[in-house]
Structure formats: structure tokens, C-alpha cells
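Peer 1: Mind having a look at this structure? Questions to follow.
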Amino acid sequence: MASLPVSSSDSDVPRSLWQRQRWLVLRRLSQALVLLAFLAGPWFGLWIAKGNLSSSLTLGVLPLTDPLLALQTLLTGHLPYAAALTGAAIVLGFYLLVGGRVFCGWVCPVNVVTDAAAWTRRRLGIKTGRVPDAATRYWLLGGILVAAAVTGRLAWEWVNPVSLLHRGLIFGMGGGLFVIAGIFVYDVLVASRGWCGHLCPMGAFYGLLGRTALLRVSAAKRSACDDCMDCFTVCPEPQVIRPALKAVGQAGPLILSSDCTTCGRCIDVCDKQVFKMTHRFDQRSE
Amino acid sequence: MGRACPLNGLIVDSARQPARKSTVAESPASAARRRFINGVAAAAGGGCLLALGAGLYSRSASALPAQALRPPGALAEDDFLAACVRCGLCVRDCPYHILKLADLGEPVPTGTPYFTARQIPCEMCDDIPCVKACPTGALDRELTDINQARMGLAALVDHESCLNFLGLRCDVCYRVCPVIDKAITLETQHNPRSDRHAMLLPTVHSDACTGCGKCEKSCVLPEAAIKVFPRKLAQGALPAHYRKGWEEKARHGGSLIGEQVELPVRGFEGSTAGRSATETVVAPVAPAPSAAPSAAPVPSPKEASGGLRRGLDSHWKP
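Chains U and B, in that order, give the protein sequences.
All letters in the first sequence, in the order written, are residues 705 to 990 by my numbering.
All letters in the second sequence, in the order written, are residues 212 to 529 by my numbering.
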């Protein structure tokens, strides 16, 4: 717990270690379980999911396909088989319902790398660097779609760090590690939350799916906030907190920005227990 | 209206000068607007640059190296790179663990499946599980008979070290071929070096070779003399308008262009010149040497070996 910057010492109720790390642990568990579903086959001969995040078949019946990849495939002019299209529709529906960037926080393996980079950056006290505009990711998203249409191939998949890492963890990797190491170094030295928060076109795409997300974080007890800034420090998309916490531009306490990855880290770090995980229609606040 | 600035000689728009002066004081709104435009420009520039980089890299790194073969049913390479999402489901369903997904930095496009014949060749499963596993159609389900697969094309690239070309009876590539006697045949030829033996030359036929790679895998040499390449590398093509005279003749029961004048052949007057290396061994049933040219140009291996059993003492002996 010493690793967290704690500036509010006057917390009324002392919280247990579990209360202070709950959502982080659950999230890591979710990421590990997704990976394990793919690795149980090659490791123990127990086939749960085959393939990888790009496209997979779970228990021999459930096809899942990355909808962004399916979209790029369509743009190249190739019409995939029904298996891939059905899989893309299922994934699309799931994230539209639950929350687009839930993928980033709860499934994507690169998130572990960039969280580690953000932690390292905080620990080293690095404040300098040059952060690209957060809109860069949308331009990059547009760019990779254009690239797919122009080159007639899935151009982004040559370098996509997300699929590179996940595929590499399951099927073995060598050169791909350099890209992942590059992202880590970039996030530590050059741009705070540079990859996931500013550049990743997959994050941008899933963000666009997040406008109808049911699962949301709420600053329900925002009156208890003592401006310690812990949540802003730890949040991968700090700009999403202010409207809900300080009622800027909105009345309700729900964090509605589709940039929010619903990681719940703000809930963990807040000693005043301002935040809670809830659903979209829960407008209660104290 | 433009005029030259007296200080630095630049052409400035005089009509805009007052406006510029007023921005020296910089209203918050215009500062915000400038920040916004700068931000958008940076984001657009950065985003497009990264996408362009990826696009260019995908172009430069998409040539398939000569020794990487795609799984059965793979679309033509350009279409394959559009369709394959690099999920590895084909890799998982291959019962012989032949397929690999390329890693970044390998010469094969990142994440795409391939196999290397010399390491593990395709076992040509009857039910083709890799094709069934593909969710996108990068491996085409139109392929239902594995013998119709065209993963590559074998080519006997090294005539200098192939044991059969040296006159030995290795034959291993021929014997392991799953499409034996169709994809690889042994073509009998006179051995001009010993002048009394035959050479049985492994010969690949592109209309039957699936490119499974068994021949390359089993070649007994330290470096295989027969190799399987992607078809694009291994196969030539005749111009579309070419017709083979002998085929047309057979099809139409006679020459289409009438009888041709026989021209005298000069420079091949020697008794054995021009025959030894190119003509096939013909069963000694044919008594006169003059009968040889009229025999079928390529006897089937069975005929040839039948001829061989009856003796090798050919009519090339002086």
C-alpha cells in the first residue's frame, strides 16, 4: 500500500488492503483468466478458447471476432465467412451493452504494460515529456481504416501492439517484444498514458462503442471529496472524472465519458469512498 | 493588396494588418482557437503519419519468402493478406502442429500462418481441418479434396547433386510423394556418362503437385535438391496465345498448317550427336535406330522400366 500516493490521512474509516486494491485485483484476474482460457489448451490440453483476441472459438461453439478487424477486412474488399461476422456482431453487442472501453481495462493485455509504465512514471516522479493530443487516436483509427482500403490488406495488423502481444503470449513471440518494450518506455519517459490514452486506435474504436455503456462508475458520495487528487493521479483518463465529481457541465454523479475504461481504480484509491461501480441509470448521490 | 514589408522584404497582406495588430493583445477566445487548431493539426499529423507508416511497412514486409508455404486452400497471397485476421485457429486445428504464426521481424507478414517444408511438411489430411477452422475464408472452404490443394510447387532445383541425376536410384522424393506417379514421375533417360545405364529423373508435374513438401523434407542430401516454393516463384507461364503444335495436331487429327518443308539440319552430322542426352531410352523392341524419333517422346515410367528390364544395351553403342 506504500506504493500509492496517500495524501488524505484523515480518513474516517480505515480501509482494509482488499478494499484498497479490490478493483485492481479483479481486473488483473479478468485479464489473466481471458489469457488462461486461450493457454489452458496448449499448456494443459484443456481447450476452452482457441485462437486469440483477433478471432477465436470458445468451447467449440462460440465464435468471437474483433469488430474493428472485421471492419478493416470488409474495407479491404474481402467478405469474411459468417463465423467471423457473427463473432464480430457478438463482440460488438457485448461492448455496446456493457461499455466499450471495458475491453481496455478488463481484457487487453497491453493495459498491464501501460499501467506498469504509469506506476513507474509516478514512482520515478517524472513530470516532463510531450503528450500527443488525445484526438490523435481517432485520426489514427481513421488512418488505419483508410490504409486497409487503400492497400487492400489489413495494414495495421503488421504492427498492432494489442494483437501482437496477445498473439505473442499465446503462440510465442520474439520481435514483438520490442514493440511492447517501446510502448513501455514511451509511456514512462515521453508521454504519461501516451499509448492507451492518446494513440491506440483500438481504444478509440472501443471508446466509440461506449456511449451506451450500462456499467459506469459514479461519484455518488462526491460531497465527501476532500480534493486530495488521488483519483486524478491514478486515473488513465483523468479528464473523465471532473464532470461527475465537480458537477461541471452535468448535474448527475455518473462518469459518462466514453473514454472511461471502467477500471475502478478511482474507487480503490479514494479514502473518502466517493466512487462506486454502478449502472447507467443510477443517478443517486449524497 | 500586398506590399513588401520594409524590414524583411516579405510580402504581407496589408488588408490583414489591422487584424494582426489586434491579436497581439490576444483575446482568450482566439488563443483558445489557435490552441485548438494546433492540437487538431498535431493530432491529425501524428495519427496519419502512424497510419501511413503502418501502411508502408505492410507493403514492404509482405513479400512471402521462398521457403514459407501457406496452408492448404489459402487464397492468392494478395487476397490472403486482406482476409487473414491472424487468429491462429488453423494452427490450433492442425493435428500435426505444422503451422506457425509469423512474429514481427520474421520475413513472413506478421501473424500470418505458414509452414516450412524442410522442417515439417503438410500431411494432407483428408478432412482438411485447418481450412474448416478458418473463420474468415482466408483458407477457402471451396477446397474439399486435399489433392486439389496448391500450397506450392516442388522443383528439382539442383541437378548437380540430385542422386538420381548422378545415375543412382535414390528415388526417395518420388516414393514419399502422396500423389506418386502424378505429381512426381521418374523419367528414364540414357546416361551419357556411362553410356550403358539409365538415369531415372524425378520430374514434377504442376497439374498434380499439391506443394505439401514431403519430397523436400525427405530428400536425403544435407541440403535438399528438390524444394517446394510458392507457386508464383516456381512456375512460369506461356503467353496466352501459344498453342503446342503436337497437341493441336493430335486434337484435330492432323496439322492445322499443312505439311511443312523439312529443312536440312546443319551442325549435327556426327553419328551420335544430338541424341544422347535428350532422347529417351526406348525398349530395344525397336530394331533400327531410325525408329527412335518416331516413338512416343516421353514413355511412362512403367513402359520405361519394362524396357529396362529387358536390357540396357542401347543402340547408342558404336
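Note that beta-carbon positions come from the ideal geometry of N, C-alpha and C, so glycine has one too.
Taking the continuous alpha helix (DSSP H) assigned at H463(B), which residues delimit it?
Peer 2: Start at 1 with the first residue of the second sequence, and residue 463(B) comes out as number 252. Looking at the DSSP string, the run of the alpha helix (DSSP H) that includes H463(B) is G456 to H463.
Peer 1: Under a three-way DSSP split, which group does K831(U) fall into?
Peer 2: As a first step, residue 831(U) is located in the first sequence; it is residue number 127 there, counting from the start. Looking at K831(U) - three-state DSSP - the assignment turns out to be coil, as it is neither helix nor strand.
Peer 1: Would you please verify whether the beta carbon of P771(U) is less than 7 Å from any beta carbon of chain B?
Peer 2: Within the first sequence, residue 771(U) is the residue found at index 67, counting from 1. So, not an interface residue.
Peer 1: How is the alpha helix (DSSP H) around K393(B) delimited, first residue to last?
Peer 2: Numbered from its first residue, the second sequence carries residue 393(B) at position 182. Here K393(B) belongs to no alpha helix (DSSP H), and DSSP marks it neither H nor E.
Peer 1: Whose C-alpha, out of V938(U), K925(U) and S961(U), is nearest the C-alpha of L919(U)?
Peer 2: Position 215 of the first sequence, counted from the start, is the residue given in the question as residue 919(U). When only C-alpha atoms are compared, the closest one is S961(U).
Peer 1: Rounded to whole angstroms, what's the CA-CA distance from L949(U) to P957(U)? Just pull it up for me.
Peer 2: Position 245 of the first sequence, counted from the first residue, corresponds to residue 949(U). Position 253 of the first sequence, counted from the first residue, corresponds to residue 957(U). Taking the straight line joining both Cα atoms gives about 6 Å.
Peer 1: Got a sec: is the Cβ-Cβ distance from G299(B) to anything in chain U below 7 Å?
Peer 2: Your numbering for residue 299(B) matches position 88 in the second sequence. Interface residue, yes.
Peer 1: Assuming the contact rule is C-beta atoms closer than 8 Å, S760(U) and L772(U) should be a hit. Round their C-beta distance to whole Å, please.
Peer 2: Here residue 760(U) refers to the residue found at position 56 when the first sequence is read from its first residue. Here residue 772(U) refers to the residue found at position 68 when the first sequence is read from its first residue. Contact doesn't hold; Cβ gap of about 15 Å is too wide.
Peer 1: Report the option in S989(U), A928(U), P905(U) and G797(U) whose CA atom is closest to the CA atom of G257(B).
Peer 2: One-based indexing of the second sequence puts residue 257(B) at position 46. Comparing Cα-Cα distances from G257(B) to each of S989(U), A928(U), P905(U) and G797(U), the minimum goes to P905(U).
Peer 1: Count the other C-beta atoms from every protein chain shown that fall within 10 angstroms of the C-beta of G424(B), then say buried if there are 16 or more, exposed otherwise.
Peer 2: Within the second sequence, the letter at position 213 stands for residue 424(B). Classification of G424(B): buried, given that the 10 Å Cβ count is 16 or more.
Peer 1: May I ask you to report which of helix, strand or coil DSSP gives S720(U)?
Peer 2: To locate residue 720(U), count along the first sequence from 1; it is residue 16. Coil at S720(U), not helix or strand.
Peer 1: Are the C-beta of T399(B) and some C-beta of chain U separated by less than 7 Å?
Peer 2: Residue 399(B) sits at position 188 when you count from the first residue of the second sequence. No - not a single Cβ of chain U is within 7 Å of the one on T399(B).
Peer 1: Using Cβ-Cβ distances below 9 Å, what residues of the stretch 895 to 915 of chain U are close to chain B?
Peer 2: Result list: H902, L903 and P905.
Peer 1: Check the DSSP bridge columns for T982(U) and list the partner residues they point to.
Peer 2: What you label residue 982(U) is simply residue 278 of the first sequence in a count that begins at 1. R920(U).
Peer 1: Find out if the Cβ-Cβ distance for the pair A394(B), H416(B) is shorter than 7 Å.
Peer 2: As a working note, residue 394(B) is residue 183 in the second sequence. As a working note, residue 416(B) is residue 205 in the second sequence. The answer is yes: Cβ separation under 7 Å.
Peer 1: Which same chain residues, not among the five before or five after C939(U), have their C-beta less than 7 Å away from its C-beta?
Peer 2: Stepping through the first sequence from its first residue, residue 939(U) is reached at position 235. Around C939(U): I945, R969 and C970.
Peer 1: Going along the stretch 327 to 355 of chain B in order, which residues come within less than 7 Å of chain U, judged by CB to CB distance?
Peer 2: Under the 7 Å Cβ criterion, the stretch 327 to 355 of chain B contributes P346, T347 and G348.
Peer 1: Output the distance between the C-alpha atoms of T327(B) and G876(U), rounded to the nearest integer angstrom.
Peer 2: For the purposes of this step, residue 327(B) is taken as residue 116 along the second sequence, with counting starting at 1. For the purposes of this step, residue 876(U) is taken as residue 172 along the first sequence, with counting starting at 1. About 17 Å.
Peer 1: Along the stretch 254 to 274 of chain B, where does the CB come closer than 9 Å to a CB of chain U? Name the residues.
Peer 2: Hits within the stretch, in order: A254, A255, G256, G257, G258, C259, L260, L261, A262, L263, G264, A265, G266, L267, Y268, S269, R270, A272 and S273.
Peer 1: Which residue's Cα is closest to the Cα of A409(B): D392(B), P389(B) and R380(B)?
Peer 2: Along the second sequence, read from residue 1 onward, the residue named residue 409(B) stands at position 198. Nearest C-alpha to A409(B): R380(B).
Peer 1: Cβ atoms of R297(B) and G266(B): under 7 Å apart, would you say?
Peer 2: For the purposes of this step, residue 266(B) is taken as residue 55 along the second sequence, with counting starting at 1. For the purposes of this step, residue 297(B) is taken as residue 86 along the second sequence, with counting starting at 1. No, Cβ-Cβ distance for G266(B) and R297(B) is not below 7 Å.
Peer 1: So does the stretch 852 to 860 of chain U actually touch the stretch 919 to 939 of chain U, counting three or more Cβ pairs closer than 8 Å?
Peer 2: Taking 8 Å as the limit for Cβ pairs, the verdict is that the stretch 919 to 939 of chain U does not touch the stretch 852 to 860 of chain U.
Peer 1: Pairing CB atoms from the stretch 450 to 463 of chain B with CB atoms from the stretch 347 to 364 of chain B, are three or more of them under 8 Å?
Peer 2: No: fewer than three Cβ pairs fall under 8 Å.
Peer 1: What residues of chain U sit near A294(B), judged by a beta carbon separation below 8 Å?
Peer 2: One-based indexing of the second sequence puts residue 294(B) at position 83. Within chain U, the residues near A294(B) are T777, T780, H782 and P784.
Peer 1: Select from the stretch 835 to 850 of chain U all residues with a C-beta closer than 9 Å to any C-beta belonging to chain B, and list them in chain order.
Peer 2: So the list reads P836, D837, A838, A839, T840, R841, Y842, W843, L844, L845, G846, G847, I848, L849 and V850, given in the order they occur along the chain.
Peer 1: Given a cut-off of 7 Å on the beta-carbon distance, is the pair P324(B) and C301(B) in contact?
Peer 2: To locate residue 324(B), count along the second sequence from 1; it is residue 113. To locate residue 301(B), count along the second sequence from 1; it is residue 90. Cβ distance < 7 Å, so P324(B) and C301(B) count as in contact.
Peer 1: Going by alpha carbons, who is nearest to S927(U) out of Y842(U), T965(U) and A951(U)?
Peer 2: Position 223 of the first sequence, counted from the first residue, corresponds to residue 927(U). Closest by alpha carbon: A951(U).
Peer 1: Cβ closer than 7 Å: which chain U residues qualify as neighbours of P320(B)?
Peer 2: By 1-based counting over the second sequence, the position of residue 320(B) is 109. Those within 7 Å of P320(B) in chain U are W862.
Peer 1: Measuring CA to CA, which of A895(U), L739(U), R731(U) and F742(U) is closest to R834(U)?
Peer 2: In the first sequence, residue 834(U) corresponds to position 130, counting from 1. Closest by alpha carbon: A895(U).
Peer 1: In angstroms, rounded to a whole number, what distance separates the CA positions of Q723(U) and A253(B)?
Peer 2: Taking the first residue of the first sequence as position 1, residue 723(U) is located at position 19. Taking the first residue of the second sequence as position 1, residue 253(B) is located at position 42. Distance between the alpha carbons of Q723(U) and A253(B): 41 Å.
Peer 1: With 7 Å as the threshold, decide whether the Cβ of L796(U) is near any Cβ in chain B.
Peer 2: Taking the first sequence and counting its residues from 1, one reaches residue 796(U) at position 92. Closer than 7 Å: no.
Peer 1: Inspect the beta-carbon positions of C900(U) and G907(U) and report whether they are closer than 7 Å.
Peer 2: For the purposes of this step, residue 900(U) is taken as residue 196 along the first sequence, with counting starting at 1. For the purposes of this step, residue 907(U) is taken as residue 203 along the first sequence, with counting starting at 1. For C900(U) and G907(U), yes; Cβs fall inside 7 Å.
Peer 1: S429(B) by DSSP, collapsed to three states: which one?
Peer 2: Residue 429(B) sits at position 218 when you count from the first residue of the second sequence. Correct three-state label for S429(B): helix.
Peer 1: Against L312(B), what residues of chain U qualify as contacts under a CB-to-CB distance less than 7 Å, listed in chain order?
Peer 2: For the purposes of this step, residue 312(B) is taken as residue 101 along the second sequence, with counting starting at 1. Result: R871 and F875.
Peer 1: Could you give the residue range of the alpha helix (DSSP H) that holds H370(B)?
Peer 2: Position 159 of the second sequence holds residue 370(B). No alpha helix (DSSP H) contains H370(B), which DSSP labels as neither H nor E.
Peer 1: Give, in chain order, every residue of the stretch 750 to 774 of chain U whose Cβ lies closer than 7 Å to some Cβ of chain B.
Peer 2: From the stretch 750 to 774 of chain U, only K754, G755, N756, S758, S759, S760, L761, P767, T769 and L773 have a Cβ closer than 7 Å to chain B.
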